[in-house]
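> So the sequence shown is residues -25 to -1, 1 to 516, counted in mature numbering (1 follows the signal peptide of the UniProt record, and there is no 0).
Backbone N, C-alpha and C fix where the C-beta goes; we use that ideal spot for every residue, glycine too.
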Amino acid sequence: MKQKNLLLLGFLLAYCFSSVFVINAEDPYLFFTWTVTYGTRSPLGVPQQVILINGQFPGPPIEGVTNNNIVVNVINKLDEPFLITWNGIKQRRMSWQDGVLGTNCPIQPKSNWTYHFQLKDQIGTYTYFASTSMHRASGAFGGLNVNQRSVIFVPYPKPDADFTLLVGDWYKMGHKELRRRLDSGRDLPPPDGLLINGASKGLVFTGQHGKIYRFRISNVGISTSINFRIQGHMMTLVEVEGSHTLQEVYESLDIHVGQSVTVLVTLKAPVKDYFIVASTRFTKPVLTTTGILSYQGSKIRPSHPLPIGPTYHIHWSMKQARTIRLNLTANAARPNPQGSFHYGTIPINRTFVLANGRASINGKLRYTVNRVSYVNPTTPLKLADWFNIPGVFNFKTILNIPTPGPSILGTSVFDVALHEYVEFVFQNNETSIQSWHLDGTSAYVVGYGSGTWNMANRRGYNLVDAVSRHTFQVYPKSWTSILVSLDNKGMWNLRSQIWSRRYLGQELYVRVWNDERSLYTEAEPPVNALFCGKAKRPRLI
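1. Where do the ends of the beta strand (DSSP E) carrying residue 292 lie?
2. Identify the continuous alpha helix (DSSP H) that holds residue 478 and give its terminal residues.
3. For residue 308, count neighbouring Cβ atoms within 10 angstroms of its own Cβ and tell me buried if that reaches 16, exposed if not.
4. What span of residues does the alpha helix (DSSP H) with residue 359 cover, start to end?
5. Expressed to the nearest angstrom, what Euclidean distance is found between the alpha-carbon atoms of residue 558 and residue 140?
6. Going by beta carbon distance, what residues of the same chain come within less than 8 Å of residue 481, once the five residues before and after it are set aside?
7. Could you tell me whether the segment 114 to 133 touches the segment 485 to 494, where touching means 3 or more Cβ pairs closer than 8 Å?
8. Below 8 Å, can you find three or more Cβ-Cβ pairs linking the segment 421 to 440 to the segment 384 to 394?
9. Quick check on residue 448: buried or exposed, where buried means 16 or more other Cβ atoms within 10 Å of its Cβ?
10. Closest by CA to residue 229, which one among 253, 214 and 223?
11. If you check the beta carbons only, do residue 440 and residue 302 fall under 9 Å apart?
12. Suppose contacts are defined by Cβ-Cβ distances below 9 Å. Is residue 400 in contact with residue 326 by that definition?
13. Straight-line CA distance for residue 519 to residue 479?
14. When you compare the CB positions of residue 358 and residue 510, do they come within less than 9 Å of one another, or not?
15. State the CB to CB distance for the pair residue 67 and residue 463, rounded to an integer number of angstroms; the pair is presumed to be in contact (CB under 8 Å).
16. Less than 8 Å between the CB atoms is what I'm expecting for residue 143 and residue 170, so what's the real figure, rounded?
17. Nearest CA to the CA of residue 11: which residue from 55, 1 and 43?
18. Does the segment 273 to 286 come close enough to the segment 239 to 248 to have 3 or more Cβ pairs within less than 8 Å?
19. Quick one: what does DSSP say residue 169 is sitting in, helix, strand or coil?
20. Only counting the same chain, and skipping five residues up and downstream in sequence, which positions put a Cβ closer than 6 Å to that of residue 374?
21. Taking 7 Å as the limit between beta carbons, can you name the residues of its chain near residue 80, skipping five residues before and five after?
22. Starting from residue 405 and walking both ways along the alpha helix (DSSP H), at which residues does that stretch end?
23. With a floor of 4 residues, list each alpha helix (DSSP H) that falls wholly inside the segment 107 to 192, ordered by position along the chain.
24. So, under 8 Å CB-CB, residue 39 and residue 27 are touching, yes? Tell me the CB distance rounded to an integer number of Å.
25. For the beta strand (DSSP E) containing residue 57, list its first residue and its last residue.
26. Does any residue of chain D bring its CB to less than 9 Å from the CB of residue 505?
27. Measure the Cβ-Cβ separation of residue 190 and residue 269 and say whether it is below 9 Å.
28. Start and end of the beta strand (DSSP E) containing residue 39?
29. Out of curiosity, what's the CA-to-CA distance linking residue 368 and residue 383?
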């Protein structure tokens, strides 16, 4: 009996020690409580209603480290349903946390919901923003920076400090007025101005002579590409949306809607103040906003003229985009080199050619992908798929290639198998620049070209060191091609980042699936999952 008791004690001690080890080995948690409210601000000098998070405009930043667990309790005090999406965060096996209407029921007014996701194997500069309705046009966006673990080498000089710049277009009309305009069948007018971190001018970033500063720059606008530059200073590009890049030096950089870049700037000019400039691309007139880079001890204000940037110049922008390439010798979030994945040698399983379009459906303006203008069902696609709820969507609504015929309303979902290697070609037959985003993963941007894409264009693809990112610009009357390994199971949003286009139907979903129910490939629904539409909360047995 004594021996049995000793054995039992041994098992208990072993279990306790192993449990302590597991708990201690878990990656750190960062907890946030965000209260979403309306407030009054004057970004362009005119008081207007904006959306605040914890009273802040823009919202509070998230500063994390690779593999941190992020827990955000969002309290919705607006008068409308609300969701936040995490732009570029890959949400491994967790499309439940994506924060779009295809995966989540919205957070109703006077209620809350808690997101829980991990910054799994990621580094870089990202953003978050409101995904519902036109809320993004009134605020509710912020920076989300993922720093590398201390044991992982950074392939560039360690910066002395970081600056996060959220740059984007802005309207004096609030999101409700913008929405009413779109619902009435009219497109949006040009924006009224540009903001940097919620201000139209005068924002100051201070540094010391001889120091190196990391500028994390994101385009958080809803419609307009920008060009970014700093008077008297060159910028070394080091990272794009989680990928370390070849360290090319630029006088100015184009950043399209939804995109993020990281540059290093060395303060080696004479001690004074210099203009930081952002201006719109492909617009008439050109809108410009400025901030100030101030050297510590400076007594000299910045002087005009502002550094000149490109305005329309499509070929210039496309040529610059081709210079942004992956650093094959650098690691990212893990020690292995980024270039160890030889994406250019993998056979393509399927090709999707996606043509954006503009149409009138039932007398109203709509935007389409392959003639289908997306309509959100009342039941999130992810819930319908998981619980086998019929009548919510089908895989025959949208075709893989553009075809002639009338435009229709529908709920577009592509069905692909887990680990399929897929080519997406974005075909833009319009005269305005487009921007597209894929949730859940990053893709290699292998080609840009003018005119209509065809199979022969593959001969010009960059199959060696194309940059891997989550948001892709498509130039006017042009195409952009990406290659992606769909290794993240779930229901993932593929959308226009031009928000009026997304609101009026220019999006779809990619269902990445296999018939295995395993926590190794996809997590179960979270215990706090919201239910709506045809989806009812399962009874506990």
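Quick answer:
1. Note, residue 292: premise wrong, no beta strand (DSSP E); alpha helix (DSSP H) at 289 to 298.
2. 474 to 478 is the extent of the alpha helix (DSSP H) around residue 478.
3. Around the Cβ of residue 308, a 10 Å sphere holds 16 or more other Cβ atoms; the residue is buried.
4. Counting along the chain, the alpha helix (DSSP H) containing residue 359 begins and ends at 356 to 361.
5. What the structure shows of the chain is the stretch from -25 to 516, and residue 558 is not part of that stretch, so it cannot be assessed.
6. Annotation for residue 481: 331, 342, 343, 344, 348, 349, 470, 471 and 473 place their beta carbon closer than 8 Å to its own, counting only its chain and skipping 5 residues before and after.
7. Contact between the segment 114 to 133 and the segment 485 to 494 is absent, because fewer than three Cβ pairs lie under 8 Å.
8. Output reads no: the segment 384 to 394 does not touch the segment 421 to 440.
9. In the assembly as shown, residue 448 is a buried residue. Its beta-carbon has 16 or more other beta-carbons within 10 Å.
10. Cα-wise, what sits closest to residue 229 is 253.
11. Contact flag set, yes.
12. Cβ atoms of residue 400 and residue 326: closer than 9 Å.
13. Lying before the first or after the last residue shown, residue 519 is absent from the chain, which here runs from -25 to 516.
14. A distance below 9 Å separates the beta carbons of residue 358 and residue 510.
15. In this structure residue 67 is in contact with residue 463, their Cβ atoms being roughly 6 Å apart against a cut-off of 8 Å.
16. Right, the Cβ-Cβ distance comes to about 6 Å (below 8 Å), so this counts as a contact.
17. Each of 55, 1 and 43 was checked against the Cα of residue 11, and the nearest Cα belongs to 55.
18. Taking a contact to require three or more Cβ pairs closer than 8 Å, the segment 273 to 286 and the segment 239 to 248 qualify as touching.
19. The three-state reading of DSSP puts residue 169 in strand, counting E and B together.
20. Same-chain partners within the cutoff: 345.
21. Cβ neighbours of residue 80 beyond the five flanking positions: 355, 505, 506 and 507.
22. Residue 405: not part of any alpha helix (DSSP H); DSSP gives it neither H nor E.
23. Those alpha helix (DSSP H) runs which fall completely within the segment 107 to 192 and span 4+ residues are 150 to 158.
24. 22 Å between Cβ atoms; not a contact.
25. Judged by DSSP secondary structure, residue 57 falls outside any beta strand (DSSP E); it is assigned neither H nor E.
26. Absent from the structure is chain D; it holds one protein chain and no more.
27. Between residue 190 and residue 269, the C-beta spacing is not below 9 Å.
28. That run of the beta strand (DSSP E) goes 37 to 40.
29. So the two alpha carbons sit approximately 15 Å from each other.
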